[in-house]
Structures are given as structure tokens and as C-alpha cells.
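A short worksheet on the structure shown next.
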Amino acid sequence: MKELTSGQVRQMYLDFFEQHGHKIMPSASLVPVEDPTLLWINSGVATMKKYFDGSVVPENPRMTSSQKSIRTNDIENVGRTARHHTLFEMLGNFSVGDYFKTEAVHWAWELLTGADWFAFDPEKLYITVYPEDTDAKKEWLDAGVAADHIVEADDNFWDIGQGPSGPDSEIFYDRGQAMNNVPEDDSENYPGGENERYLEIWNIVFSQFNHTPEGTYEPLPHKNIDTGMGLERVVSVFQHAKTNFETDLFLPIIRMTEQFSAGKTYNENDVDDISFKIIADHVRAVTFAIGDGALPSNEGRGYVIRRLIRRAILNGKKLGINEAFLYKLVPVVGEIMKSHYPEVVEQSDYIAGVIHSEEDRFNVTLDTGLSLLNDTIAATKAAGKDALAGADAFKLFDTYGFPVELTTEYASDEGLAVDQDGFKAEMEKQRERARSARSSAKSMGVQRALLTDIKSASTYVGYTDLTVTGAKLLDIIVNEKLVDEAKEADHSAEVIFDQTPFYAEMGGQVADTGRVVDANGNTVAEVTDVIHAPNGQNLHTVKVTGTLKKNAAYTLQVDAARHSKVEKNHTATHLLDQSLRNVLGEHTAQAGSLVEPNYLRFDFTHFGQVTADDLKKVEQMVNDQIFAEIPVTTVETDIESAKKMGAIAMFSEKYGKLVRVVSVGDFNTEFCGGDHVKNTNEIGLFKIVSETGVGAGVRRIEAVTAGDAFNFLNNEEHLLTQTAALVKAPQVKEVPHKIEALQADVKRLENEQQALQAKIAAQQAADAFTNVEEINGMKVIAEAVKVAGMGNLRQLADDWKQSNASDVLVLATAVDGKANLLVAMAPEQVKAGRKAGDLIKAIAPAINGGGGGRPDMAQAGGKNPAGIDDALKQAKAWLAEK
307 MKELTSGQVR QMYLDFFEQH GHKIMPSASL VPVEDPTLLW INSGVATMKK
357 YFDGSVVPEN PRMTSSQKSI RTNDIENVGR TARHHTLFEM LGNFSVGDYF
407 KTEAVHWAWE LLTGADWFAF DPEKLYITVY PEDTDAKKEW LDAGVAADHI
457 VEADDNFWDI GQGPSGPDSE IFYDRGQAMN NVPEDDSENY PGGENERYLE
507 IWNIVFSQFN HTPEGTYEPL PHKNIDTGMG LERVVSVFQH AKTNFETDLF
557 LPIIRMTEQF SAGKTYNEND VDDISFKIIA DHVRAVTFAI GDGALPSNEG
607 RGYVIRRLIR RAILNGKKLG INEAFLYKLV PVVGEIMKSH YPEVVEQSDY
657 IAGVIHSEED RFNVTLDTGL SLLNDTIAAT KAAGKDALAG ADAFKLFDTY
707 GFPVELTTEY ASDEGLAVDQ DGFKAEMEKQ RERARSARSS AKSMGVQRAL
757 LTDIKSASTY VGYTDLTVTG AKLLDIIVNE KLVDEAKEAD HSAEVIFDQT
807 PFYAEMGGQV ADTGRVVDAN GNTVAEVTDV IHAPNGQNLH TVKVTGTLKK
857 NAAYTLQVDA ARHSKVEKNH TATHLLDQSL RNVLGEHTAQ AGSLVEPNYL
907 RFDFTHFGQV TADDLKKVEQ MVNDQIFAEI PVTTVETDIE SAKKMGAIAM
957 FSEKYGKLVR VVSVGDFNTE FCGGDHVKNT NEIGLFKIVS ETGVGAGVRR
1007 IEAVTAGDAF NFLNNEEHLL TQTAALVKAP QVKEVPHKIE ALQADVKRLE
1057 NEQQALQAKI AAQQAADAFT NVEEINGMKV IAEAVKVAGM GNLRQLADDW
1107 KQSNASDVLV LATAVDGKAN LLVAMAPEQV KAGRKAGDLI KAIAPAINGG
1157 GGGRPDMAQA GGKNPAGIDD ALKQAKAWLA EK
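Take the sequence shown: its letter number 464 is residue 770 in the working numbering, and every next letter is one higher.
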């Protein structure tokens, strides 16, 4: 067998299909673009959905890619099996309505067995087919597969619900019985069975049906091919590796980790091997995820990254690594993957910085988590139980990042089990919350064959003209049917003209609106929306107010005032994007945008808060470009020339052979198909309205321009004038000084109030500390006092410590409809096993509250002041029993 590196295997696959007319598609970002159904890009086909569902017709119906993907549904299995990964690469070839089973099967066999390609021994390959798919079986036989190497399997049918579906063929490589984990006569010892001998390396889906909402399977108007070959798996075959981890994709990471560990090496024992594998897998995943703009947080993608980092850190501790080390592995990942992903090396310092910061953060959390775990174990043993509650194990997992196996290990050392069923129940609740939070949008749409088949040529002329006369109406769609005429009775229709000034919504810019006028000057339709049809035409949604006839000529009029406001906001978005890069750093990248007539919204990746000072710098930089009256120019060129110009690409998969590049002087150059002003002075003014965080490592700025910015500032001035009147400032400029004076007065009054409260507390203490009871051999003070709140109760407790007035202090107060309780214990009582925290938990329910604290002092708050007397009685009863 050939000896190939992972880079050679990847390139050979792509080269093979390129020679068969496929376009090599770049690996898309792991963060899905305009797809709310996915948390991560999780397969090669995930980036092809728009082609398979017919919403976009590809430039070339044959495509191939090596797509980085993340799946997190079974993180717990990573490291424990030979081939589970969070990050993996999926090699794929795709046909959208072009070739089908014959070519897909014959090319697959040629790639796998051809001497110039993979050159696998045909005797080592087995194929599974769907029993009813006789066509596929015939093609495999014709390709040269031996009949006894074809296995029929009932589960060989790819179906994810509504949308494209169809039978599939899985290809298995026979690694020999020596690599198996079941006996030779075991019922699972066959291609497709649960065994390690037959390794699935490729799946070819023959997408030929629409799974309808009614549950039926209708033939697709355009049949597709979708395949997936796991790079890690096929590389393990070439490199004779027992698992994926003994390949050049993982071993360099493992070897570097060995250097950080306390003398531990890989392949010495199963326990340590699992930790090495987890670290290697997880650092690959977080490196690529952060490189694509995701950042650690407590929700969504950020939660996944945080969990992976923490799981890797904990496994590092198992290997004796007690300092930050993951960030040092980032350059190793970059070196392994640089042939196909050079951006990882380019971003290495930034990615390492984010991971290092997260490692430091977790090391602080880790101590707290271990303390809680020890307390939970102690409490469980004290209660006479033999297992930690599932809810406690889940809290450790969810809040502190402790994998349940680590909690189980710690508990086992103390002779305790963990309620695994309870933990799984809590985990399922969390997953259900995640599923409910996910968009209910379809994962893949059903092909809309009518639009796919419309090939009419249509040209957008809105860059130069907002009114077009003599536009020929080519196609009219009413109720999903092509018609020759649409009347007012039809109410709405979709139409395509041979030329149009109406912009179709794209790249965050909203669609134009306007009118369709007939030869007599009558408005016969109002354009309410415009989108791109699958073959690229601008598809207008119109409200019919007269009569529209196919092949007739019309005048198309864009709402010019609305369009002008959109142009201003769109160009301002480019200025904002560049200013953020200049002020915050080059790591900042666009994560989404919306350009409306009255405001703009810009989402961008950034690790941490944006300071008020930085925000001010950004706003000033944008306005500086506006006031400098810089010409805005556009040019259409090929993508490589555009990149040489320094153009910033937002989402590369949207661009074809020719791209439109918009430049604002030397300040900013970007790929953009939207509409823009001719000179920055047309924007007039730029004002940031708000800046907030909207997700994992994603910030959002909303801003206004021109007249909307003027109105915003006018309103702000009006509010300031009102404030001046309220604080009796003769001029607006004196408002800050007036407010400072008012704040000083407030501070003085607060100090006077605190002094009075201290006097009252002292008097209360004098009164309370005289009422000492004898309970169970202890001196006890249990009193309700009238003070301002918990702060004063703590002050009384401090005075009590100095006075040695009793062994136990229980105080209560009611303020503004709320109740506060405080318990303090003398050191001798704590040594005797009487803890303030235990007592506060026992009496807090009386005030409908809860609390806790240290053994010597604890406090609680509640919403039932009427229960204070009962709480004090319960405290005395509790002490009497102790």
C-alpha cells in the first residue's frame, strides 16, 4: 500500500475529482453563515444545502471539498473510542442535478483502486447497498466489485425528515481479523457490524426523493449526489494506524503534550492514553473554532469551546500538567494543517492568546469546583448516603466544567458512587433546552423546481439607474404557476424582468421597494420585496394593483429617497468595519450586518468588552472619513486580483469568478455587491446609538447616519436641556458641575444616615445583648431588632464578637416588606459541631427564604417578615436539640 501523509491524501482526493470536472470549493467557516438551524458546520453537505434545495443554482453543478466540521453530540466518547472526534474533515464530491449513480459509483471505485490514486486492494473493500436499490448494486458490479463483497443493509437509506433523501452505499475497508475486537465467528463480524475490523471510510448518498411534509417520498426533479469520506479514517488506513490518533493528524500534538506531562508517555496505559487523545482532539477543535470567530462563553458555540478547553485542562491534570499548556499546542496544530489551512498559522498568536486567557480563568474556577466537590462528598457521607446525587454531579459539570467521569473518580476514592441516571436526566433537560432554543427553520428546504427551471436572463442596473423604461416582463408566477397575465384579483405575484433597478436583498442590505408603471403612466404593481432566484435573476414580489402581462414593457421606479438612505448606511457600515479593525485589532471580523433605510446594525467578533474610549475612537474615525470627502469607487474583477488589491472578503462562498470591489480611498477595500454613495460626504454624519454583546464573542453596534443621526443628536440635546432645567443649571455646559454638587450632597446625607443607623444599631445591641437565655448549656441571644438591613445586622454581629455576650447569636430584622436573618457561633460552638450555616438553613424557610455562609456566621433573606417570630422560636428549638 502507498505511504501517504494526511496532506497528500486530502490533495489526491481533490485532484481526482477536479480532473473529473468538479470545482474545488474552499472549506467554509465552522460558524454557519445565514443558517440558524446549525450550531456548527457539521458535514460537507451542510455548506451545499442552498444548492441541493434549489434556492441557488451553482456555477458548476459538480463540486468537491475537504470541509472542516464539528460535532458535539457525543463529546464524552472522544478519547475512549478509536474514531470519535469533535473536529474532523469530510472529503466530499457533490453533483447537483448533473451526474448520478453510474458516474458516482465508477469514479469512487477508480479513486479507491486506481494505481494512480489510492490503489487499495479490491479484496480489502466491501460495499453496502439498500436492498431495493438494484440500480446501485448493478453499478457496483459493473465497476468491478465482486458480488460477495456487496452487502445489502436495510438501514442504507439517508433521511433527515422533510427534504431531499435517498438510498446510500457505504464503503468499508477490511483491516484484517488481527485488528478486530470481536471473535471471527461473532455475529457482528461483517461489514457494517459493530466491530473494529471493517472500517467505514466513505458514504455515497443517492439523493433522489423529496420527503414531503405528508410523509411520502416523491421523485426529486433534480437528482443529486452527496458523499462523505472521513479524512482521519482513510489516513489511518494509509498509515497502518490502530486508531485515528496514531496518524500525522494527531501524533505531533500528543508528542508535544508528553513533554509537558510528568514523565508520562502515550501507549503506556489506557487511562493516560485517553487523556492524551482528549487533549489532542479538543485543542484541534478549539483552535479552528476560535480561528473562525467563535469565542469561549456560557452559551451556544462559546459554551462548547469553554467545555472542550476545560475538559482538556482536567485531563492535563491527570497527566501531571498543573500549568497552562493548551495554548502552547496551537502552533503544533497550525503546522500539521498549514497545507490546506494556512490561516491557522497566520492567526496562531491570537488563538493562543484566547486559549491562554481561558486556561487562566478556569484555574481559578477549578479550585472552587474542587472545594464544592469535597463539600458535596462530605455532606453525602454525613447523610449516610452511598451515592452523590445526579443533580450535584451535573452542577459540577455544568458550572465548573467537571466531566461526570472525573466526579465519579473522585467519589470512588471516597467509597461513593454517582447517580448516573440522575445525571443523565439533568443532561437531557439541558439538551432539551438547547433544542428548544434552536431555530425551528427547516434543516434543508424542498426543491422549488419551478424557479430552478426558469433560465430567463435578467440584468441588475441599479448601480447607475433607479428608473428603467422599457423593461420587458419575462416571467409571471401566481400561486406557484407560470401565467401570462396577473390582475388585481390575484393580489400578489412574483415577476422577473429582463432588466431591473431593484436591488435584491443580499449581504445585509435590504431590498429596494418601488413601483411598476405601464405605458399609460398607471401604477400596475407595487414592489414589496426582491430576492435572488436560484439562477441569479432578481425575483420581485409585487402587490398587483392593475394588470401585468408577459412580454409587455414597463417602467420600473425605485423609491429613490429610501434607496439613498440605504446607500448612506451601507457605506457607513464599511467605514465602521475598517475603523473597528484599526482600533480593536485585525482579529475583528464581520459576523453579520443589516442595512436598513433608518439605521444600520453591525455584528463583529471581539474577545472582551469594547471600552467607551475605544467606541469613541471608532465613531470619530468614521466621521473623519466622512468629513474628508473621500471618493467611493467600484471595480469588477476576478477574485485573485481583488485579493491582491487587499479587498476584505466577508463570506467567501458567496463570490463567483467575477467580484465587485468597493473602495473608500485608501481607507477601506472590500468585496461587496451592494449599493454605495459616490463620496463619503453624502453620509453627512455618523452616530453610534448602542453597543452590546449578542452571543459568544460577538458584539453588536447599531448606528444612524445623515438626517437620522441629526435627529438622534437633537433628541439627546433636548433631554440634556430638560436635565439642565431640573438641576437648575443656567447653561447646558454647567450640567456636569451641578450633578457633581448633587452627588456630593447625596453622599453627605448617606454618611449622616449611616452614622444615625450606627447609633441606632449600638442602642439595639445594648438592648439585645442584655436578653441572654440559657439553652442546652449554651448562652443564646435570639432577638428581632429594628435596623436598616443586613449590613447593620453584620455590624451588630461584629460588636457581639467583641462583647462575648453569648455563645450563639440569632438576629432578625424586617425592612421594606423583606426579612433578614443572621446567625453567629462562638468558636467553641463550631468546634462542638454546631455550624451557623446549618442553623440558618433550618430556620430560613420560616421567612420563605434561603441562605448560607461559614460555620461561624451565616445569613438569609426572605419575603415573609411575618415569619420572623417563628424563625426565632425554631432557632431555639434547634439549639435545644443540639
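Using N, Cα and C, we set each Cβ at its ideal position, and we do this for glycine too.
{"query": "Among I932, T861, N828, which has the Cα closest to the Cα of V852?", "result": "Here residue 852 turns out to be Gly, not Val, going by the sequence shown. The shortest C-alpha separation from G852 is found at N828."}
{"query": "Which ranges would you report for the beta strand (DSSP E) in the stretch 966-991 if only whole runs of at least 3 residues count?", "result": "974-977"}
{"query": "What residues are listed by DSSP as bridge partners for W508?", "result": "I477"}
{"query": "Specify the secondary structure class of H326 as computed by DSSP and reduced to three states.", "result": "coil"}
{"query": "With M562 and L632 assumed to form a contact (beta carbons below 8 Å), what rounded beta-carbon distance in angstroms separates them?", "result": "No, M562 and L632 are not in contact; Cβ-Cβ is about 11 Å, not under 8 Å."}
{"query": "I'd like to confirm the pairing. Which residues does DSSP put opposite A1090 in its beta bridges?", "result": "A1118"}
{"query": "Near D790, what residues of its chain come up, given a Cβ to Cβ distance below 6 Å and the 5 sequence neighbours on each side ignored?", "result": "K856"}
{"query": "Here's the rule I'm using: 16 or more other beta-carbon atoms within 10 Å means buried, otherwise exposed. How should D883 be labelled?", "result": "buried"}
{"query": "Report yes or no: do the stretch 813-820 and the stretch 858-873 share at least 3 C-beta pairs separated by less than 8 Å?", "result": "yes"}
{"query": "Provide the residue(s) that pair with N516 in DSSP beta bridges, ordered along the chain.", "result": "P470, E524"}
{"query": "Please state whether DSSP places K1107 in a helix, a strand or coil.", "result": "helix"}
{"query": "If we call anything under 9 Å between Cβ atoms a contact, is L694 one with L678?", "result": "no"}
{"query": "By Cβ distance, which residues of its chain are closer than 6 Å to Q1037, with the 5 residues on each side in sequence left out?", "result": "none"}
{"query": "Is L397 helix, strand or coil when you go by DSSP?", "result": "strand"}
{"query": "Please report the residue range of the alpha helix (DSSP H) in which N604 lies.", "result": "Taken as a continuous stretch (DSSP letters only), N604 belongs to no alpha helix (DSSP H), as it is neither H nor E."}
{"query": "Taking contact to mean at least 3 C-beta pairs separated by less than 8 Å, is the stretch 829-848 in contact with the stretch 783-802?", "result": "yes"}
{"query": "Work out the CA separation of T434 and T939 for me, nearest whole Å.", "result": "57 Å"}
{"query": "Cα separation between G1123 and A1094?", "result": "12 Å"}
{"query": "Give me whichever residues DSSP pairs with W415 in a beta bridge.", "result": "W415 is not bridged to any residue."}
{"query": "Is it right to say A617 is buried, meaning 16 or more other beta carbons lie within 10 angstroms of its own, or is it exposed?", "result": "Rather than Ala, the amino acid found at residue 617 in this sequence is Arg. With 16 or more other Cβ atoms within 10 Å, it is buried."}
{"query": "Under 8 Å Cβ to Cβ from I642, same chain only, skipping five residues before and after it: list those, please.", "result": "S312, D554, L555, P558, I559"}
{"query": "Reducing DSSP to helix, strand and coil, say where W464 ends up.", "result": "strand"}
{"query": "From D465, K430, E438, I466, pick the residue whose C-alpha is nearest to that of A452; which is it?", "result": "K430"}
{"query": "In its own chain, which residues sit with a C-beta less than 7 Å from the C-beta of I1174, not counting the 5 before and 5 after it?", "result": "A1090, A1118, A1120, A1125, I1153"}
{"query": "In three-state terms, what does DSSP make of I945?", "result": "helix"}
{"query": "Among I1007, L345, A442, S663, which one has its Cα closest to the Cα of R607?", "result": "L345"}
{"query": "State the start and end residues of the unbroken beta strand (DSSP E) segment that holds V822.", "result": "820-823"}
{"query": "Please list the terminal residues of the continuous beta strand (DSSP E) segment that includes N888.", "result": "N888 -> not in any beta strand (DSSP E); alpha helix (DSSP H) instead, spanning 866-890."}
{"query": "Exposed or buried, which one is E720 when buried takes at least 16 other CB atoms within 10 Å?", "result": "exposed"}
{"query": "Using a Cβ-Cβ cut-off of 7 Å (strictly less than) and excluding sequence neighbours within five positions of S1112, which residues of its own chain qualify?", "result": "V1078, K1085, V1086, I1087"}
{"query": "To the nearest angstrom, how far is the alpha carbon of K374 from that of D321?", "result": "18 Å"}
{"query": "Using 9 Å as the threshold, is the C-beta distance between I1007 and I994 below it?", "result": "yes"}
{"query": "Considering only residues of the same chain and omitting the five flanking positions on each side of L397, which have a CB-CB separation below 6 Å?", "result": "Y319, S372, M535, L537"}
{"query": "Take D771 and list the residues in its own chain whose beta-carbon comes closer than 8 Å to its own, dropping the five residues that flank it on each side.", "result": "P807"}
{"query": "In angstroms with no decimal places, state the Cα-to-Cα distance between D579 and R613.", "result": "20 Å"}
{"query": "Ignore the nearest five residues each way along the sequence and tell me which others in A699's own chain have a CB closer than 6 Å to its CB.", "result": "V710, T713, V724, F729"}
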